[in-house]
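Step one of this worksheet: look at the structure below.
Numbering (full-length UniProt numbering), first residue to last: 1 to 299.
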């Protein structure tokens, strides 16, 4: 059977993938041409083609910029905390909820923890400001305990932990959906056989549940490493004024302020291209490590 015949026979299946192909082509692949701005002294007034080439000058200035160094350091610290704390949080919640015997309690908890995912970051920050701000109940509690009047939302020293806690609160429920699906695919016969052999709940979780969802965990971890330099533009931008750029400046906000606001388009594009290259390298490296350790991979 020729390729043309096979395509004609499965034409309706190919038709279904056309919207996805168009989306990625228009919004992902075509904009990649704009990465050439990183090698130009770009000016929107003279256009893309007429802007002069400057080679690697933008990258030289980028890596010698103290503000970018600070933004990169903050990005890596926040990303590390999110990988260590926020990434396993949905796994632990899924395991906890899976151990509940009452379906009514399980569904209630699921509904409650899913809800914050649908809030925009403006609403999330407003809620946290009302709770952990200078006039919120957390500040009143700390004052009553003798710590003085504290404003956690404007404290650079606690900002890293605060950002991580916000991500966990907002996304932990939504992240459990994938792990619940993975857990539901594990045959019940394995749990029954383990129970007959005398294995308790902890041993069944350790020897059956975790190995059963390890492939999904590895897959999501590889995808997470690809966005290691993307830690939430809107979340950080909304809080930067309160805590200062020293604590809240990340690579994405650096590109916004230096490019969109400051007009240094080449420098901002160089920062974005650097972020994309690092993410690609990490995904490829993590995928190869996963395959060598026998956990499968993304591709």
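Cβ coordinates follow ideal geometry from the N, Cα and C atoms, glycine included.
Rounded straight-line distance, which links the Cα of residue j to that of residue i
i, j, result
"residue 223", "residue 91", "16 Å"
"residue 205", "residue 67", "46 Å"
"residue 70", "residue 44", "28 Å"
"residue 268", "residue 262", "9 Å"
"residue 240", "residue 247", "8 Å"
"residue 155", "residue 270", "31 Å"
"residue 11", "residue 18", "11 Å"
"residue 114", "residue 96", "15 Å"
"residue 5", "residue 21", "21 Å"
"residue 57", "residue 258", "16 Å"
"residue 161", "residue 47", "43 Å"
Cβ neighbours of residue i in the same chain (closer than 7 Å, five flanking residues each side left out)
i, result
"residue 128", "153, 166"
"residue 137", "131"
"residue 41", "51, 52, 54, 266"
"residue 317", "The question about residue 317 has no answer, for the chain in this structure spans 1 to 299."
Whole-angstrom C-beta distance between residue j and residue i, which should lie under 8 Å
i, j, result
"residue 253", "residue 237", "5 Å"
"residue 345", "residue 74", "Lying before the first or after the last residue shown, residue 345 is absent from the chain, which here runs from 1 to 299."
"residue 229", "residue 279", "6 Å"
"residue 275", "residue 251", "5 Å"
"residue 98", "residue 183", "5 Å"
"residue 94", "residue 180", "6 Å"
"residue 168", "residue 85", "7 Å"
Distance CB(residue i)-CB(residue j) smaller than 9 Å
i, j, result
"residue 81", "residue 158", "no"
"residue 209", "residue 110", "no"
"residue 134", "residue 151", "yes"
"residue 123", "residue 231", "no"
"residue 273", "residue 38", "yes"
Same chain, Cβ closer than 6 Å to residue i, neighbours up to 5 away in sequence not counted
i, result
"residue 186", "212"
Residue i Cβ short of 8 Å to the ligand NAD heavy atom set
i, result
"residue 203", "No copy of the ligand NAD appears in this structure; indeed no ligand is present at all."
Worksheet item: With contact counted as at least three CB pairs below 8 Å, one residue from each stretch, are the segment 51–67 and the segment 140–153 in contact?
Response: no
Discussion item. Closer than 8 Å is the cut-off here; do at least three beta carbon pairs connect the segment 188–199 with the segment 105–121?
Written reply: no
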